[in-house]
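Undergrad: Below are the structure tokens for one structure; questions will follow.
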Amino acid sequence: MKLLAYHSTALPAIAFLLQSLRAGAIDPLVFNPVDAYVECEPVVFSWSGGMPPYQVGIFGTELEVLPSTNDTSITWVVNFSAGIVLRAAVRDFNTSASIPELTIMAGDNSSCISS
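With the sequence shown counted from 1, adding 1350 to any position gets you my numbering.
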């Protein structure tokens, strides 16, 4: 009986990941709070720890999911109207973290808000 050989570069990576998780080598995911949300102005979300890829979700009147990234920050233009309460969370390979909700403040420009 001939046994099939399985060769993959993914197996060593998976083994390393499991060993790292077991050893506690991966820091917990921490989402840094933002100071304010101002309509039509950029806000930088940043975090530390965890394991990429990361994905940020913004919860307002609807859910907006930002593109996945391997970086530990992402910039988003606030495209919700003033007065709406937003909550944001970041998700990584294995867990998630959120920041306190904030109410969007009025800005000098509201052209990014679709009617």
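Using N, Cα and C, we set each Cβ at its ideal position, and we do this for glycine too.
Keep in mind it's a predicted model, so treat the numbers as computed, not measured.
Find the nearest neighbour of Ala1447 within the set Arg1437, Gly1433, Cys1390, Phe1430, judged by alpha-carbon distance.
TA: On the sequence shown, residue 1447 is found 97 positions in, with the first residue counted as 1. By alpha-carbon distance to Ala1447, the top candidate from Arg1437, Gly1433, Cys1390, Phe1430 is Arg1437.
Undergrad: So does the segment 1455-1463 actually touch the segment 1414-1424, counting three or more Cβ pairs closer than 8 Å?
TA: Too few Cβ pairs lie closer than 8 Å, so no.
Undergrad: Assign Asn1420 to one of three DSSP states: helix, strand, or coil.
TA: In the sequence shown, the residue the question calls residue 1420 occupies position 70. Look at Asn1420 here: in three-state DSSP terms it is coil, with no helix or strand label.
Undergrad: Quick one: Cα of Met1455 to Cα of Pro1402, how far?
TA: Position 105 of the sequence shown, counted from the first residue, corresponds to residue 1455. Position 52 of the sequence shown, counted from the first residue, corresponds to residue 1402. Cα to Cα, Met1455 sits roughly 31 Å from Pro1402.
Undergrad: When burial is assigned at 16 or more other CB atoms within 10 Å of the CB, is Gly1433 buried or exposed?
TA: Your numbering for residue 1433 matches position 83 in the sequence shown. Exposed.
Undergrad: Tell me whether the beta-carbon of Phe1395 lies closer than 8 Å to the beta-carbon of Val1435.
TA: For the purposes of this step, residue 1395 is identified with residue 45 of the sequence shown, where counting begins at 1. For the purposes of this step, residue 1435 is identified with residue 85 of the sequence shown, where counting begins at 1. Not in contact: Phe1395 and Val1435 (Cβ atoms no closer than 8 Å).
Undergrad: If contacts are defined as beta-carbon pairs under 8 Å, then Phe1409 and Trp1397 qualify, I think. What distance do you get, rounded to the angstrom?
TA: By 1-based counting over the sequence shown, the position of residue 1409 is 59. By 1-based counting over the sequence shown, the position of residue 1397 is 47. Incorrect: roughly 16 Å between the Cβ atoms, too far for contact.
Undergrad: With a 10 Å radius around its C-beta and 16 neighbouring C-beta atoms as the bar for buried, classify Val1427 as buried or exposed.
TA: One-based indexing of the sequence shown puts residue 1427 at position 77. A residue is called buried once 16 or more other Cβ atoms fall within 10 Å of its Cβ, and Val1427, having fewer, is exposed.
Undergrad: Distance check for Ser1418 and Tyr1404, CA to CA, integer angstroms please.
TA: Here the question's residue 1404 lines up with position 54 in the sequence shown. Here the question's residue 1418 lines up with position 68 in the sequence shown. Computed Cα separation, rounded: 5 Å.
Undergrad: Under DSSP, the beta strand (DSSP E) around Glu1414 begins and ends at which residues?
TA: Stepping through the sequence shown from its first residue, residue 1414 is reached at position 64. Element bounds for Glu1414: 1413-1415.
Undergrad: Which of the three DSSP states is assigned to Ala1439 in this structure?
TA: To locate residue 1439, count along the sequence shown from 1; it is residue 89. Note: Ala1439 maps to strand in three-state DSSP.
Undergrad: Measuring straight from C-alpha to C-alpha, what distance separates Ser1423 and Ser1464?
TA: In the sequence shown, counting from the first residue as 1, residue 1423 sits at position 73. In the sequence shown, counting from the first residue as 1, residue 1464 sits at position 114. Each residue's Cα considered, the two are about 26 Å apart.
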